[in-house]
Structures are given as C-alpha cells and as structure tokens.
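Chemist:
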Amino acid sequence: MTLIEIMVVVAIIALILGGVGMMAFNRFRDAQTSTARNQTATIEEAVMTYRASKRGKCPRTLIELRASGYLNKTPKDPWGNDYEFLCDSRGTEVQVMSPGPDGEVETEDDIVSGTRQS
Numbered sequence: 011m012t013l014i015e016i017m018v019v020v021a022i023i024a025l026i027l028g029g030v031g032m033m034a035f036n037r038f039r040d041a042q043t044s045t046a047r048n049q050t051a052t053i054e055e056a057v058m059t060y061r062a063s064k065r066g067k068c069p070r071t072l073i074e075l076r077a078s079g080y081l082n083k084t085p086k087d088p089w090g091n092d093y094e095f096l097c098d099s100r101g102t103e104v105q106v107m108s109p110g111p112d113g114e115v116e117t118e119d120d121i122v123s124g125t126r127q128s
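Throughout, our numbering is defined as the position within the sequence shown, counted from one, plus 10.
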C-alpha cells in the first residue's frame, strides 16, 4: 500500500464518521425538543388540575405547584432553563413555555404548550 492509498482510506473513514456524528447530533437536538414539549404538556396538565381544585386560582410558581403535590419535581428544560407559565383570568387557559436552546424568551426557538399560543 502506498501513502496515497492510506490517505484515501482515512479520508473516507473521516467522511463516514462526520456524517454519523451529524446524524447523532440532529437526533439529540430532536430528543431535547421532544422532551421539552412533553414537559410543557405535563406542567400544563398540573396547572389545570391545580386550578380546578382551587376554584380557578393559578399557582404563582412551579415550586408552589410541587409543594401542593401536583408535580413530583420542579423540572428544568433540557437546556437547564426554568419553565414559565401564564394563566388567564377566566381559569380556562394555560400557556407553558420553555425559552428553548438559546435561553431567551420570545424568540423563534421557544417551545410553547397550552391552549393559548402567542
């Protein structure tokens, strides 16, 4: 084998590994987004249950929701940010939001669950 043949084989292996790495990274990012969507749905359900039992009163924080027994733990989104939620005054709508990968609220990558979309 010549040096050129070895370099061609190494280049082919590097291309294959690069493609596999990109696919794995994209799957990981998709899994993070899916996890955030599931958690926002869980928080929304807990807030609605809390409101039903408290005659429309909205919890102030996730800690209050956990202390009342409606959540097992106070979750953070997959990027380490706190979830935020808003309740309407009628007691029928809840919006739960993760700031998404950039950690900034009200940007394109926010993950929003709820009966009211912004």
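We put the CB at the ideal spot given by N, CA and C, even for glycine.
In three-state DSSP terms, what is serine 99?
Modeler: Correct three-state label for serine 99: coil.
Chemist: To which residues of the same chain is arginine 37 closer than 8 Å at the C-beta, ignoring the five residues directly before and after it?
Modeler: Nothing meets the Cβ criterion.
Chemist: Write down every uninterrupted run of the alpha helix (DSSP H) in the region 55-118 whose length is 4 residues or greater and which is fully enclosed by it, in chain order.
Modeler: Runs of the alpha helix (DSSP H) inside the region 55-118: 72-77.
Chemist: Counting C-beta neighbours from all protein chains within 10 Å, is the total for alanine 56 16 or more, i.e. buried, or is it exposed?
Modeler: Buried, since its Cβ has 16 or more Cβ neighbours within 10 Å.
Chemist: Have a look at phenylalanine 35 and glutamine 42 and give me their C-alpha separation to the nearest angstrom.
Modeler: Their Cα atoms are separated by approximately 11 Å.
Chemist: Cβ atoms of aspartate 98 and isoleucine 121: under 9 Å apart, would you say?
Modeler: Not a contact, by the Cβ cut-off of 9 Å.
Chemist: Use the C-beta contact count for glycine 110: other C-beta atoms within 10 angstroms, 16 or more gives buried, fewer gives exposed.
Modeler: Counting Cβ neighbours within 10 Å, glycine 110 comes out buried, since at least 16 surround it.
Chemist: Is DSSP giving threonine 43 helix, strand or coil here?
Modeler: Threonine 43: helix per DSSP, three-state reduction.
Chemist: With distances taken Cα to Cα, identify the nearest neighbour of leucine 81 among Met107, Gly29 and Met58.
Modeler: Minimum Cα distance to leucine 81 is reached at Met58.
Chemist: Which value, in whole angstroms, describes the spacing of the CA atoms of leucine 75 and valine 30?
Modeler: Answer to the nearest angstrom: the Cα atoms are 42 Å apart.
Chemist: Between the Cα of asparagine 91 and the Cα atoms of Gly79, Thr102 and Val106, which residue gives the shortest distance?
Modeler: Nearest C-alpha to asparagine 91: Val106.
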